[in-house]
Amino acid sequence: MKSLGVIETYGLTSAIQAADAACKAASVEIVGYRKIGSGLVSVCFQGEISAVRTAVDHGASVVSHQNLLKGTLVIARPEESVITQLLSAKNTASEIEQCREASVRESSVETLENHVVVEPKAEVRKGKKS
């Protein structure tokens, strides 16, 4: 049975930073994330209980130094419906990956080759300074 861990932070960038640190600290899988409102974002993890505790503690410590940690939670054996609901919620890990791949495909890079860019000169006024 897998365990569930949650890190709640102020802001998306701090949630990403916490998730990165958590995944590097232990063998856990990101279930998904949610933008709660008022700038709060929660990231959910699953894995073995010891790995989830280690991951949540490490991820929380990274963002708590910046005073961006709202709270953490570790549930040893969550009800199966809790995991099912989290996986069916928007912003699951597979949807995050799909969005990332779509943005990479849709982005285009324009290069300027053999183009001359002429910028107008700044207007200079002569006379007394006021």
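Every position in the sequence shown, counted from 1, becomes a number in the working numbering once 1 is added. Yeah, the Cβ is synthetic: ideal placement off N, Cα and C, and Gly gets one too. These numbers were taken from a predicted model, which means no experiment stands behind them.
Does the Cβ of residue i have 16 or more other Cβ atoms within 10 Å, making it buried, or fewer, making it exposed?
i            : result
alanine 77   : exposed
histidine 66 : exposed
glycine 60   : buried
serine 43    : buried
leucine 74   : exposed
Is it the case that the Cβ atoms of residue i and residue j are separated by a distance below 8 Å?
i             : j            : result
serine 28     : glycine 48   : yes
isoleucine 31 : alanine 20   : yes
valine 53     : glutamine 18 : no
valine 83     : glycine 6    : no
Using a Cβ-Cβ cut-off of 8 Å (strictly less than) and excluding sequence neighbours within five positions of residue i, which residues of its own chain qualify?
i          : result
leucine 69 : Thr10, Tyr11, Gly12, Ser15
Helix, strand or coil for residue i per DSSP?
i          : result
leucine 69 : coil
Keeping to the same chain, check which residues put their C-beta closer than 7 Å to that of residue i; ignore five residues upstream and five downstream.
i         : result
lysine 71 : Glu9, Thr10, Tyr11, Leu41
Please return the same chain residues whose Cβ sits closer than 6 Å to the Cβ of residue i, not counting the five positions on each side in sequence.
i        : result
serine 4 : Ile50, Val53, Ala77
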